[in-house]
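Visitor: In our numbering, the protein residues as written are 45 to 228. A virtual CB, placed ideally from N, CA and C, is assigned to each residue, including glycine. Since this is a predicted model, take the numbers as computed values, not measurements. Could you have a look at this structure, given as structure tokens, before my questions?
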Ligand code: HEC
Ligand code: HEC
Ligand code: HEC
Ligand code: HEC
Ligand code: HEC
């Protein structure tokens with residue numbers, strides 16, 4: 045048995061006290077917060093790029109259909125356009141210059157992570173995306189967000205309820221309900 049599953053069983057033993065705590069209010073394990081909307085080091089807007097300009101999510105998050113993680117793109121993806129596109133407003137130009145400077149210096153951007161499941165949970169993007177679950181079902185209308193905000197609560201109930209509903213709606217699906225599918 046691996047240590048993560050062990051941790052979960054250990055926690056399950058104290059499950060009652062956890063649920064009791066959870067019901068007290070906005071209790072979440074390891075700082076997972078619905079509506080969390082941190083400021084980012086660069087004023088990158090999904091509303092502009094994915095909304096107005098209509099750039100496909102997969103252009104930047106190519107991992108989503110192929111692997112466990114959707115991943116955040118490197119600045120070289122941004123520079124595909126921003127070698128040419130310098131911006132039309134003073135603030136936009138300043139932000140784009142910041143990107144060009146960091147890219148030239150090979151300096152990674154320290155984006156603040158918005159979604160963050162605890163380590164003992166296994167989640168795989170491709171398994172969902174390839175069954176045609178839209179990004180927006182889980183992440184909300186990101187194409188309207190100037191700053192990304194956590195839309196779903198990412199609780200165990202959220203995962204399990206959707207699995208139940210999906211299996212009931214489509215008998216070809218077999219979204220798992222057993223503990224070790226999500227806690228391995
Ligand atoms: C031009 C590139 C680009 C496109 C297109 C794009 N994104 Fe993003 N996305 C980013 C970058 C950069 C970040 C990290 C900065 C931030 O959170 O705004 C990010 C962050 C995110 C996050 C939060 C990640 C976290 O830290 O938890 C989600 C969710 C997301 N994108 C979903 C989408 C969806 C859904 C679409 C399509 C509607 C999309 N993105 C289109 C570049 C892009
Ligand atoms: C079934 C729900 C679901 C769907 C569908 C989904 N995501 Fe996610 N996404 C999550 C969860 C849960 C996390 C947190 C994962 C973690 O912390 O390990 C996440 C995290 C992310 C992140 C942060 C980086 C990472 O990979 O952990 C990005 C970016 C992202 N999603 C983009 C997308 C895009 C783009 C799509 C559509 C192509 C999409 N997601 C579809 C649930 C979903
Ligand atoms: C497919 C082309 C394309 C890609 C890829 C792209 N952008 Fe943009 N971006 C644009 C266009 C077009 C504008 C609008 C410029 C203007 O206002 O003249 C823009 C504007 C911006 C602005 C200025 C916003 C403002 O307020 O004026 C920032 C900052 C920015 N992009 C950051 C990024 C980052 C960070 C990435 C990579 C994650 C990225 N862009 C990827 C095309 C792109
Ligand atoms: C919007 C509905 C929805 C939500 C929310 C959702 N899932 Fe799923 N999940 C599915 C569907 C649909 C499948 C595919 C079933 C199939 O392949 O037959 C699936 C499959 C899976 C699988 C089996 C495939 C694999 O990767 O091994 C795991 C594990 C899983 N989900 C974990 C999670 C976790 C963890 C969460 C919450 C953080 C979650 N899911 C949230 C709909 C959802
Ligand atoms: C579809 C995915 C999924 C399945 C199936 C699942 N879990 Fe979870 N579980 C999660 C997620 C996601 C979390 C993290 C919740 C959070 O961060 O708030 C979690 C958290 C937990 C926790 C920590 C306390 C808590 O309530 O947040 C325990 C204990 C737990 N699970 C036990 C179990 C047991 C026992 C089973 C089998 C009866 C099970 N899980 C089945 C996704 C799942």
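Within the same chain, show all residues whose beta-carbon is closer than 8 angstroms to that of residue 85, passing over the 5 residues directly before and after it, in chain order.
Guide: To locate residue 85, count along the chain shown from 1; it is residue 41. The answer, listed in chain order, is 153, 154, 155, 156.
Visitor: Going by the beta-carbon positions, is the gap between residue 101 and residue 91 smaller than 8 angstroms?
Guide: One-based indexing of the chain shown puts residue 101 at position 57. One-based indexing of the chain shown puts residue 91 at position 47. No; because the gap between Cβ atoms is not below 8 angstroms, this pair is not in contact.
Visitor: State the Cα-Cα distance for the pair residue 161 and residue 167, rounded to the nearest angstrom.
Guide: Stepping through the chain shown from its first residue, residue 161 is reached at position 117. Stepping through the chain shown from its first residue, residue 167 is reached at position 123. Their Cα atoms are separated by approximately 8 angstroms.
Visitor: Under 7 angstroms from any heavy atom of ligand 3, does the C-beta of residue 113 make it?
Guide: Here residue 113 corresponds to residue number 69 of the chain shown, with the count starting at 1. Checking every heavy atom of ligand 3 against the Cβ of residue 113, none is found closer than 7 angstroms.
Visitor: Among 109, 195, 144, which residue has its Cα nearest to the Cα of residue 185?
Guide: By one-based count along the chain shown, residue 185 stands at place 141. The residue with the shortest Cα to Cα distance from residue 185 is 195.
Visitor: Would you tell me roughly how many angstroms separate the C-alpha atoms of residue 98 and residue 188, rounded to the nearest one?
Guide: Translated into positions along the chain shown, residue 98 becomes position 54. Translated into positions along the chain shown, residue 188 becomes position 144. Distance between the alpha carbons of residue 98 and residue 188 is about 11 angstroms.
Visitor: Pairs of beta-carbons, one from the segment 112-128 and one from the segment 212-228, closer than 8 angstroms: are there three or more?
Guide: no
Visitor: Within 7 angstroms: the Cβ of residue 172 and any heavy atom of ligand 7?
Guide: With respect to small molecules bound, the structure shown includes ligand 1, ligand 2, ligand 3, ligand 4 and ligand 5 and not ligand 7.
Visitor: Please check the pair residue 175 and residue 221, which I expect to be a contact at CB under 8 angstroms, by giving their CB distance rounded to whole angstroms.
Guide: Mapped onto the chain shown, residue 175 falls at position 131. Mapped onto the chain shown, residue 221 falls at position 177. Actually they are not in contact, since the Cβ atoms of residue 175 and residue 221 sit about 16 angstroms apart, beyond 8 angstroms.
Visitor: Which of the three DSSP states is assigned to residue 228 in this structure?
Guide: Taking the first residue of the chain shown as position 1, residue 228 is located at position 184. Coil, per DSSP.
Visitor: Candidates 148, 199, 113: which alpha carbon is nearest residue 179's?
Guide: Looking up residue 179 in the chain shown gives position 135. It is 113 whose Cα lies nearest to the Cα of residue 179.
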